[in-house]
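**Q** In my numbering, the protein residues as written are 14 to 208.
Using N, Cα and C, we set each Cβ at its ideal position, and we do this for glycine too.
Here's a structure for you.
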DNA sequence: CTATTGATGGTC
DNA sequence: ACCATCAATAGG
């Protein structure tokens, strides 16, 4: 079993963390059940100057976690129905976070349940706002490193659903495992690759 | 395959 | 009023 990602992993720019998270395993332990998904799609949100980032609103009830210490879960409700899982990063108060948008079920998830799409992933993994502010270096919700030597091919695109964010809307801050079929959108939108 | 629409709730 | 979504439905 690969090592749990520690605090130092999260103390970096959201764009760096977002890319590094592709291919890692997200683990949620709840009682006897352990659910694991391999992350295939992420997006970076880069603080108050990024109009697509919730940190643009400043310190509010919701953004308290986002503006809190790195390496914690930031879980928020979108469209009244779906819990979106994010990882806080860079530094306390920076407002940097990575939205995990999709992945491939590994274990503990009922056969046929898909994890592509932020809403589906949250639901399949049993992640709700009750887990907001949970420390990701703990034993309930955490990440495990990629297998040694694993170097996924990563495609880079603009983020989804942020057309309102002006100049920042077109930034290539979405990262997808190019070989995975478990991203929320098809490859035709890819505008580059790397990693 | 694409396009459209309704469900739903917290923040601003 | 807005929104970092999804499922069901209708149409080509």
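Taking the alpha helix (DSSP H) that residue 10 belongs to, which residues open and close that run?
**A** Residue 10 is absent from the model: the chain starts at 14 and stops at 208.
**Q** So within the stretch 81-144, which uninterrupted alpha helix (DSSP H) runs reach at least 4 residues, ignoring any that extend past its ends?
**A** Within the stretch 81-144, complete alpha helix (DSSP H) segments of at least 4 residues are found at 131-138, given in chain order.
**Q** Nearest to residue 33 by CA position, among 104, 193, 156 and 175, is which residue?
**A** 156
**Q** Confirm, please, whether the CB-CB distance from residue 60 to residue 68 is below 8 Å.
**A** yes
**Q** If I measure Cβ to Cβ from residue 152 and keep anything under 7 Å in the same chain, skipping five residues before and after, which residues do I get?
**A** 42
**Q** Take residue 147 and list the residues in its own chain whose beta-carbon comes closer than 8 Å to its own, dropping the five residues that flank it on each side.
**A** 85, 86, 153 and 154
**Q** Tell me whether the stretch 51-66 and the stretch 180-192 touch, counting them as touching only if at least three CB pairs, one residue from each stretch, are closer than 8 Å.
**A** yes
**Q** For residue 130, which residues in the same chain have their Cβ closer than 8 Å to its Cβ, ignoring the five residues on either side in sequence?
**A** Cβ neighbours of residue 130 beyond the five flanking positions: 114, 115 and 197.
**Q** Starting from residue 43, follow its DSSP beta bridges and name the residues at the other end.
**A** Residue 43 pairs with 46.
**Q** Is it a yes or a no for the stretch 134-147 touching the stretch 94-105, going by three-plus beta-carbon pairs under 8 Å?
**A** yes
**Q** Which residues bound the alpha helix (DSSP H) around residue 79?
**A** 76-79
**Q** Leaving out the 5 sequence neighbours to the left and right, which residues in its chain are closer than 7 Å to residue 103 when beta-carbon positions are compared?
**A** Excluding residues within five positions, the ones whose Cβ falls inside 7 Å are 24, 25, 26, 27, 83 and 109.
**Q** Which same chain residues, not among the five before or five after residue 121, have their C-beta less than 7 Å away from its C-beta?
**A** 46, 47, 48 and 49
**Q** Between the C-alpha atoms of residue 39 and residue 112, what's the straight-line distance to the nearest angstrom?
**A** 13 Å
**Q** Can you give the Cα-Cα distance for residue 63 and residue 35, rounded to whole angstroms?
**A** 22 Å
**Q** Between residue 128 and residue 92, what straight-line distance do the alpha-carbon atoms span, to the nearest angstrom?
**A** Each residue's alpha carbon lies about 18 Å from the other.
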